[in-house]
Every structure is written in structure tokens, then in C-alpha cells.
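**Student:** Below is one structure. I have some questions about it.
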Amino acid sequence: MSTPATRALRALVIGESLIDVIIDGEQKNERPGGSPMNVAIGLARQGVDVAFVTDLARDHLADQIELRLVKEGIDVYSPLRSGRTSVAIATLNAHGDASYQFDITWNLEHSDMPENGLADFLHFGSLATRIQPGADHVDALIDKFRPNALVSYDPNIRPRLDLDRDDARERVDRHAALADIVKASIDDLLYLHPTHGLADARPDDAIVDRMRNAAIDCWLASGSALVAITDGENGVTLATEHHRVHIPANPVSVVDTVGAGDAYMAGLISGIDVLGLRRQAHRDDLAALDVSSLRRIGCWAQRTAELTIGRVGAEPPTSLELLEQREGAPRVA
0 MSTPATRALR ALVIGESLID VIIDGEQKNE RPGGSPMNVA IGLARQGVDV
50 AFVTDLARDH LADQIELRLV KEGIDVYSPL RSGRTSVAIA TLNAHGDASY
100 QFDITWNLEH SDMPENGLAD FLHFGSLATR IQPGADHVDA LIDKFRPNAL
150 VSYDPNIRPR LDLDRDDARE RVDRHAALAD IVKASIDDLL YLHPTHGLAD
200 ARPDDAIVDR MRNAAIDCWL ASGSALVAIT DGENGVTLAT EHHRVHIPAN
250 PVSVVDTVGA GDAYMAGLIS GIDVLGLRRQ AHRDDLAALD VSSLRRIGCW
300 AQRTAELTIG RVGAEPPTSL ELLEQREGAP RVA
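In numbering that gives the first Met the number 0, the protein residues as written are 0 to 332.
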């Protein structure tokens, strides 16, 4: 299924789709997932028209993935289907936090791709930017859509796959320089820039603050308009060249953290969309947002993530669910 080539896309998401195998004690559940797919679904549930470029295999698991995307109203672009579906095994601890193992294939060769290079938003990141041969095709699509779209990027570091930290740092900084919006977690930064002697522990707050500010400074200097650094129960920092805003996390009952960062990413893009800041023409307006507007889109994204972690599965909320929490909702442009 594909979108007509002559129509500009509202949001184009590029990346892996896979089956999440969730192990919680003695229970094991399988469900469609993958970070970019979660972002695509999160956007669709907030009323954004979404096209999704991914790599679907030819097996019953891929059929499950495609069925879910179609049910969400997402247009799917995929190569000629072959091979097996990628799998991520997520093991939950007593706090609902997940650790991952992966069996991933990623190839966009011969894909049925969007042709006209027009989209309001382009989102990319995660495994799709570092697994060949598909990663080179992702870079080509970024080059094609970047002149027109507002571009967002989430590195979504996975230590079991990103074994070479030097390579990971180079790749993340290179892709961040292509993005107008960068979202990363403190865990991403701790892996990319480990503190000597504290490889398995969180450093003290002063070190974390320096690490956060260094990443923000680096990515803003390389051309990003907006940087968001998430830190779980410690909240989120949103930064532009002119302002830095900390948005504390609300107390929530955590059921499942799978997809929390993806839900935040979808909420952030949706909040920016509601403000009317679409396409590259509004990049400078995004960079010039005042503190009040930053808080509004940040609270919207934060609430999106909080509703997601309050239930089983990477199940982001709809716009209606979010509007029931009216405080912090971005005003329509």
C-alpha cells in the first residue's frame, strides 16, 4: 500500500519494524514493534497522516506487522518482501524497565519509495541508521526529503548492537547534524560518553548535568533547532539556542516502559505540528520558540509518554485521551 507520488506527505517515518518478544517473569508475549514503527503509530493516533518506509519480510509475523499498520491508517512502503521478520527480545525487570536482545535484518533495496521528496515532517533513527545495507538507503532518503521537511532524529542507542562507541559517537553526531529536532535519552549519553569507573552506575547529578549540557551545545552548534534530552522520572530538558526548559515528570504508576521514548518523540512532533511549524520553511520559527511554547509542546510530549507507560505494550494515546488532560496542551496555530 502506498501514498500517491504526487501528494505531499504530512509525516514520513523511516525505520525498522519487528516483533517485540516481551518476557515478564514467566509470561511471554509477542507483538509488533520497533522504535520508528512506534513513532509512526503514535503520530497516527494523534491525527497526523503518516507514511512509513520499512522492511517487511515474507512470513506470518510480517503479516501481523502490516495488519497493525493498516489498522492505524498508516501508508506502508516496503521492498519486495523476502527473508524473515526481525525480532527484539525485551526482558522486563521488577520495575517494568526493559533490556534487549536483537535478531535484525534491514534492507531497503528495491523499495517502493515516495517519489516527490515532499513531506512536512521526516523522522528517522534507531537501528535503521546503523545496520547495512539498509542504512545507506536511509541516508539517501534523508538527502531527498531534508530540503523541504522538518527533520527529527532519535539515536535510540542499543548497547548490544552499538559495541564500538567511537563509531556510534561519529554516527550519532553526523545524523544529528542533519536533523532540526534531536531527541536523546540520558542513557544514550551515558553510553556514548561513559564516565570512568562508573560504567555500570549513574554518575552524580553534576556529571549528568554537564553531559546533558555538552550534548545540547554540540547538537545546537551543528545546526539543530531543538534538542530534547529525556531522563525518565527526572523529567526532560528542552533546549533551543535561546532557552533551556526543564519539564519535571509527573508521578505515574509504571506498568511497561517499552516504547516510552518513542511515544515522547511522537508527542513532540505532534505538538510542533499543532503549532503550525511544518516543513523547513518554519525551521527558524522552531528555533525561536519562547519559553511558554516550549513548555506546552514539552508537556504534551511528556503526557504522551506517561500515558503510554501506564499500560501494557507500546500503546500510545490518542488525541482524545490527551485532550482529556487539557493542561499543557499546545494551542492550535
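Where is the CB? At the ideal position from N, CA and C, for every residue including glycine.
Are the Cβ atoms of serine 223 and aspartate 179 separated by less than 8 Å?
**Tutor:** For serine 223 and aspartate 179, yes; Cβs fall inside 8 Å.
**Student:** Report the CB separation of valine 373 from methionine 264 in whole angstroms; it is logged as a contact under 8 Å.
**Tutor:** The first residue shown for the chain is 0 and the last is 332, placing residue 373 beyond what the model contains.
**Student:** Report buried or exposed for alanine 89, applying the criterion of at least 16 other Cβ atoms within 10 angstroms of its Cβ.
**Tutor:** Result: buried.
**Student:** Measure from the alpha carbon of alanine 61 to the alpha carbon of each residue in Asn92, Ala238 and Asp19, then state which is nearest.
**Tutor:** Among Asn92, Ala238 and Asp19, the Cα nearest to that of alanine 61 is on Asp19.
**Student:** Put valine 311 into one of helix, strand or coil per three-state DSSP.
**Tutor:** Residue state, collapsed to three classes: coil.
**Student:** Per DSSP, what are the beta-bridge partners of lysine 182 in this structure?
**Tutor:** Ala227.
**Student:** Taking histidine 94 as the reference, give the member of Val254, Thr53 and Arg145 with the closest Cα.
**Tutor:** Ranking the options by Cα distance to histidine 94, first place goes to Val254.
**Student:** For a test of the three-state rule: what should DSSP assign to proline 35, helix, strand or coil?
**Tutor:** Three-state result, proline 35: helix.
**Student:** Alpha carbon to alpha carbon, what distance is there between leucine 149 and alanine 300?
**Tutor:** Spanning the two alpha carbons is a distance of roughly 17 Å.
**Student:** Valine 226: buried (16+ other C-beta within 10 angstroms of its C-beta) or exposed?
**Tutor:** The residue in question, valine 226, is buried, as its Cβ has 16 or more Cβ neighbours within 10 Å.
**Student:** Considering only residues of the same chain and omitting the five flanking positions on each side of leucine 237, which have a CB-CB separation below 6 Å?
**Tutor:** Here the set comprises Ala227, Val244, Leu293 and Gly297.
**Student:** Identify whether alanine 175 lies in helix, strand or coil by the three-state DSSP scheme.
**Tutor:** Note: alanine 175 maps to helix in three-state DSSP.
**Student:** Which of the three DSSP states, helix, strand or coil, is assigned to alanine 56?
**Tutor:** Correct three-state label for alanine 56: coil.
**Student:** Relative to the C-alpha of isoleucine 246, which candidate in Thr239, Glu240, Thr256 and Val235 has its C-alpha closest?
**Tutor:** The option with the nearest alpha carbon to isoleucine 246 is Val235.
**Student:** Pick out whichever of Ala313, Arg310, Thr307 and Arg302 has its Cα sitting closest to the Cα of glutamine 324.
**Tutor:** For the residues Ala313, Arg310, Thr307 and Arg302, the minimum Cα distance to glutamine 324 belongs to Arg302.
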